[in-house]
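Some notes on the structure that comes next.
Set out below in structure tokens:
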């Protein structure tokens, strides 16, 4: 039986990796994957606590997260594909037309 | 109320609407017919309302006009003895002047515009005298002011005409501010603006409130009725067409102030108010009469005479003789309208010459005009049996009673001296305009019948109108009005032969002095008095020398440093501040997504730190 803190530490590490990925990478696909990483770290926290507390609420939340993340992937990937088609790049720093 | 009485103001309003919408496309005959016909219908409605009048005030609510919480005003009409007399005078004299205008304005390009304005004026004036609420009265009050402005500036291509119209509007505005304050004060204390209710509850008001409210309303009346110190606009109003001067600036609109006081008479019965009204009226009467002595423009002589006679009416109000004041209002409407129409006929014949020095010798070529003018002049001077004698005598009797009751004799003395001066300037104007030096220019032609008949009608009224108030025949008009003022006026003035004799003596002496004094066709040397009168008792120096420059400089100060420098800069500054702030803030939106993500991260960390630290 793996103790709860181990899950939480792993989730924190995964979340931090996702944050750093979003902040330092310029490739839109990598940024996207980093976001997924953060979402899944949160999922891990939910599931771990669900087991620890005995309550099904956490697992319920995870299902919602997975569904929404799937939808987000569809929309996000479509946007990235469109950006690549029109500008031949997925470098986020080159996509900054919407500015003041 | 008979069901048609409320249509009295409706007909001229319909006439105005039709003429202003399609008047330009109608033939001139149709315009004249519409203009006069609508007023004739109003006069007929007023007459039948008078015939069927049951003797007690009749009210008719038209529709709820304003309903805002506890402040509710109903648009309604009130037909009682006073408003009936006023409606009859306004629509009757108005009808005659409309008919006269058909001839007088025959060569005018803007024929339908003229009749549209005139009809609008009739509707407004009838609304003013028939309104049941003080606010409805005020609406009529402002509307007649608007019509006055429009008609003074009727020939707006002339610089003087349009600036005179503006002057009338601005001077009236000063009085109207006070008038509105008076209305608000009455509302604050009585919680009603219904005229009968104000009259009934006036006695319950605390004395300071009643005096303040009545003096504020009176200040409004000094503007509308051209009394001291707001009289200056009326002489300039003579820039308008002469029938307009006759209708608006002599017979009807300028009497609105007198009507308003008579309407709210219970409010004005405090001794302080009465003293102020009587003194201002008496002083104005004498003051304006003396200016008429040295004026050369025949229309302006009549204008000063109007101011003076209006002063008489206020004097009557101030000496607790309101019925006499309304009687004088009625006769004055007859003879002053007649004098103006005759003066207009002279202008018509003499190519718009108004300077009396350039006129003269018109008695033979213009014999009908001369005859009617002389009738009007004798009525104005107060010679029996002409109308003016009886009404002026009624006022002087009232003033005599007032003095005999131990109160100030000043109103009586002022009235008596004014009667003398009036007769002098009347004789002077008549002599200069119609007699002596035969006129040498081209043949003056008598006015067409459409102008002469209204003059004959008014001449008949000036001749016999006195019978409405003559004691010999029981003073029907005064008796008719007596119940209206019964609660406020303790008793009708007893016939004082002494006062009547003095008034007659003053009028005869004045006529004699005037006729003989001006026979050389130049003014006798009045010495220092001439300068006094010519400068309006040095009021002109006060106005033109001090008040007008001072207010001009105040206006320049407010327009320049205060408005442009302070207010506009503050407003523009707020705008500039927002723009500058926005310019700074838009730098934050860089378009780099990673910066936004970092900002979100920092924000989330700060939030968490806050929760932990709390």
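Protein chains in written order, with my numbering: chain A, 1 to 100; chain B, 1001 to 1614. Note that CB positions come from ideal geometry on N, CA and C, so glycine has one too.
Q: Please decide whether residue 92 (chain A) counts as near chain D, where near means a Cβ-Cβ distance under 8 Å.
A: Included in the structure are the protein chains A and B, with no chain D among them.
Q | Host alpha helix (DSSP H) of residue 1160 (chain B) (start-end) | A | The residue given as residue 1160 (chain B) occupies position 160 in the second chain. Boundaries of the alpha helix (DSSP H) harbouring residue 1160 (chain B): 1159–1190, taken from the DSSP string.
Q) Can you name, in chain order, every residue of its own chain whose Cβ lies under 6 Å from the Cβ of residue 1380 (chain B), other than the five neighbours on each side? A) Counting from 1 along the second chain, the entry for residue 1380 (chain B) is found at position 380. Answer for residue 1380 (chain B): 1335, 1388 and 1426, listed in chain order.
Q) Along chain A, which residues have their Cβ under 8 Å away from the Cβ of residue 1605 (chain B)? A) In the second chain, residue 1605 (chain B) corresponds to position 605, counting from 1. Near residue 1605 (chain B) there are no residues of chain A at all, since even the closest Cβ is about 10 Å away, more than 8 Å.
Q.
So residue 99 (chain A) contacts chain B; which residues on that side make the cut at Cβ distance below 7 Å?
A. Start at 1 with the first residue of the first chain, and residue 99 (chain A) comes out as number 99. In chain order: 1589, 1590 and 1591.
Q) Of all Cβ atoms in chain B, is any one closer than 8 Å to the Cβ of residue 22 (chain A)? A) Here residue 22 (chain A) corresponds to residue number 22 of the first chain, with the count starting at 1. In terms of beta-carbon proximity, residue 22 (chain A) lines the interface with chain B, with at least one pair separated by less than 8 Å.
Q) Name the chain A residues whose beta carbon is nearer than 7 Å to that of residue 1597 (chain B)? A) Position 597 of the second chain, counted from the first residue, corresponds to residue 1597 (chain B). Those within 7 Å of residue 1597 (chain B) in chain A are 22 and 23.
Q: Below 8 Å on the Cβ atoms is my guess for residue 1337 (chain B) versus residue 1097 (chain B); work out the distance and round it to an integer in Å.
A: Translated into positions along the second chain, residue 1337 (chain B) becomes position 337. Translated into positions along the second chain, residue 1097 (chain B) becomes position 97. Confirmed, about 6 Å.
Q.
Assuming residue 1454 (chain B) is part of the alpha helix (DSSP H), what are its boundary residues?
A. Numbered from 1 along the second chain, position 454 holds the residue referred to as residue 1454 (chain B). From DSSP, the alpha helix (DSSP H) with residue 1454 (chain B) extends over 1449–1464.
Q | Proximity winner among B:1285, B:1188, B:1280 and B:1305, relative to residue 1246 (chain B) (alpha-carbon distances) | A | Counting from one through the second chain, the residue named residue 1246 (chain B) turns up at place 246. Ranking B:1285, B:1188, B:1280 and B:1305 by CA distance to the CA of residue 1246 (chain B) puts B:1305 first.
Q) residue 1133 (chain B) by DSSP, collapsed to three states: which one? A) Against the second chain, residue 1133 (chain B) aligns to sequence position 133. In the three-state reduction of the DSSP assignment, residue 1133 (chain B) falls in the strand class.
Q: Tell me whether the beta-carbon of residue 1369 (chain B) lies closer than 8 Å to the beta-carbon of residue 1333 (chain B).
A: In the second chain, counting from the first residue as 1, residue 1369 (chain B) sits at position 369. In the second chain, counting from the first residue as 1, residue 1333 (chain B) sits at position 333. No; because the gap between Cβ atoms is not below 8 Å, this pair is not in contact.
(Q) Given a cut-off of 8 Å on the beta-carbon distance, is the pair residue 1257 (chain B) and residue 1299 (chain B) in contact? (A) In the second chain, residue 1257 (chain B) corresponds to position 257, counting from 1. In the second chain, residue 1299 (chain B) corresponds to position 299, counting from 1. In this structure, residue 1257 (chain B) sits away from residue 1299 (chain B), with a CB-CB distance that is not shorter than 8 Å.
**Q.** Own chain, CB closer than 8 Å to residue 1142 (chain B), minus 5 neighbours either side, in chain order
**A.** Within the second chain, the letter at position 142 stands for residue 1142 (chain B). These residues qualify, in order along the chain: 1176.
Q | Complete runs of the alpha helix (DSSP H) confined to the segment 8–60 of chain A [at least 4 residues] | A | For the segment 8–60 of chain A, whole alpha helix (DSSP H) runs of length 4 or above, ordered along the chain, are 28–52.
Q: Please go through the same chain and pick out, in chain order, the residues whose beta-carbon is closer than 8 Å to the beta-carbon of residue 1001 (chain B), but skip the five residues on each side of it.
A: Position 1 of the second chain holds residue 1001 (chain B). Residue placement at residue 1001 (chain B) is flagged as unreliable, the pLDDT there being 48, under the threshold of 50; the coordinate-derived value follows with that caveat. Correct list, in chain order: 1049, 1058, 1059, 1060, 1077 and 1079.
Q. Where does residue 1194 (chain B) sit, in a helix, a strand or coil, going by DSSP?
A. Against the second chain, residue 1194 (chain B) aligns to sequence position 194. Correct three-state label for residue 1194 (chain B): strand.
Q: Spell out whether any CB of chain B is found under 8 Å from the CB atom of residue 42 (chain A).
A: Walking along the first chain from the start, residue 42 (chain A) turns up at place 42. Residue 42 (chain A) does not count as touching chain B.
Q: Pick out the complete beta strand (DSSP E) segments inside the segment 1514–1588 of chain B, 3 residues or longer, and give them in chain order.
A: For the segment 1514–1588 of chain B, not one full-length beta strand (DSSP E) segment reaches 3 residues or more.
Q: Report all residues from its chain with a CB closer than 6 Å to the CB of residue 1412 (chain B); omit the five preceding and five following residues, and keep chain order.
A: Counting from one through the second chain, the residue named residue 1412 (chain B) turns up at place 412. Cβ within range, chain order: 1399, 1400 and 1403.
Q. How many angstroms separate the CA atom of residue 36 (chain A) from the CA atom of residue 1601 (chain B)?
A. The sequence position of residue 36 (chain A) within the first chain is 36, counting from 1. The sequence position of residue 1601 (chain B) within the second chain is 601, counting from 1. The alpha-carbon atoms of residue 36 (chain A) and residue 1601 (chain B) are separated by roughly 16 Å.
Q.
With a threshold of 8 Å between beta-carbons, can residue 1594 (chain B) be considered close to chain A, or not?
A. Within the second chain, the letter at position 594 stands for residue 1594 (chain B). Residue-level contact by beta carbon holds for residue 1594 (chain B) and chain A, with a gap shorter than 8 Å.
Q | As assigned by DSSP and simplified to three states, the class of residue 1355 (chain B) | A | Locating residue 1355 (chain B) in the second chain gives position 355, counting from the first residue. Note: residue 1355 (chain B) maps to strand in three-state DSSP.
Q: Would you tell me roughly how many angstroms separate the C-alpha atoms of residue 47 (chain A) and residue 97 (chain A), rounded to the nearest one?
A: Reading the first chain from its first residue, position 47 is the one you call residue 47 (chain A). Reading the first chain from its first residue, position 97 is the one you call residue 97 (chain A). When rounded, the distance between both Cα atoms is 40 Å.
(Q) For a contact defined as C-beta to C-beta under 8 Å, what are the partners of residue 1564 (chain B) on chain A? (A) Indexing the second chain from 1 puts residue 1564 (chain B) at position 564. What residue 1564 (chain B) touches in chain A: nothing, since even the nearest Cβ is about 34 Å away.
Q: Check residue 1066 (chain B) in the structure and name its three-state DSSP category.
A: One-based indexing of the second chain puts residue 1066 (chain B) at position 66. Three-state result, residue 1066 (chain B): strand.
Q.
I want to see whether chain B comes within less than 8 Å of residue 75 (chain A), judged by CB atoms only; does it?
A. For the purposes of this step, residue 75 (chain A) is taken as the residue at position 75 of the first chain. No - not a single Cβ of chain B is within 8 Å of the one on residue 75 (chain A).
**Q.** Short CB-CB distance (under 8 Å) between residue 81 (chain A) and chain B
**A.** Taking the first residue of the first chain as 1, we reach residue 81 (chain A) at position 81. Closer than 8 Å to the CB of residue 81 (chain A) there is not a single CB belonging to chain B.
Q: Check whether the Cβ atoms of residue 66 (chain A) and residue 32 (chain A) sit closer than 8 Å, and answer yes or no.
A: Residue 66 (chain A) sits at position 66 when you count from the first residue of the first chain. Residue 32 (chain A) sits at position 32 when you count from the first residue of the first chain. No, they are not a contact pair.
**Q.** Start-end ranges of the alpha helix (DSSP H) lying completely within the segment 1315–1379 of chain B, minimum 4 residues
**A.** Annotation: the segment 1315–1379 of chain B contains the following complete segments of the alpha helix (DSSP H) (minimum length 4 residues), in chain order: 1322–1349.
Q) Is it the case that the Cβ atoms of residue 1272 (chain B) and residue 1151 (chain B) are separated by a distance below 8 Å? A) As a position in the second chain, residue 1272 (chain B) is number 272, starting the count at 1. As a position in the second chain, residue 1151 (chain B) is number 151, starting the count at 1. If you check the CB distance, residue 1272 (chain B) and residue 1151 (chain B) do not come in under 8 Å.
**Q.** Three-way DSSP call (helix, strand, coil) for residue 94 (chain A) in this model
**A.** Locating residue 94 (chain A) in the first chain gives position 94, where the first residue counts as 1. Reduced to three states, the DSSP call for residue 94 (chain A) is helix.
Q. Just how far apart, CA to CA, sit residue 1533 (chain B) and residue 1457 (chain B)?
A. As a position in the second chain, residue 1533 (chain B) is number 533, starting the count at 1. As a position in the second chain, residue 1457 (chain B) is number 457, starting the count at 1. Between the alpha carbons of residue 1533 (chain B) and residue 1457 (chain B) lies a distance of about 35 Å.
Q: Per DSSP, which residues does residue 1075 (chain B) bridge with? Please list them.
A: Position 75 of the second chain holds residue 1075 (chain B). BP columns for residue 1075 (chain B) point to B:1063.
Q) What whole-angstrom Cβ distance do residue 1250 (chain B) and residue 1340 (chain B) have, given they're in contact under 8 Å? A) Reading the second chain from its first residue, position 250 is the one you call residue 1250 (chain B). Reading the second chain from its first residue, position 340 is the one you call residue 1340 (chain B). Going by Cβ atoms, the distance from residue 1250 (chain B) to residue 1340 (chain B) rounds to 5 Å, so yes, they are a contact pair.
Q: Pull up the distance between the alpha-carbon of residue 1330 (chain B) and that of residue 1468 (chain B), whole angstroms please.
A: By one-based count along the second chain, residue 1330 (chain B) stands at place 330. By one-based count along the second chain, residue 1468 (chain B) stands at place 468. Roughly 9 Å separates the two Cα atoms.
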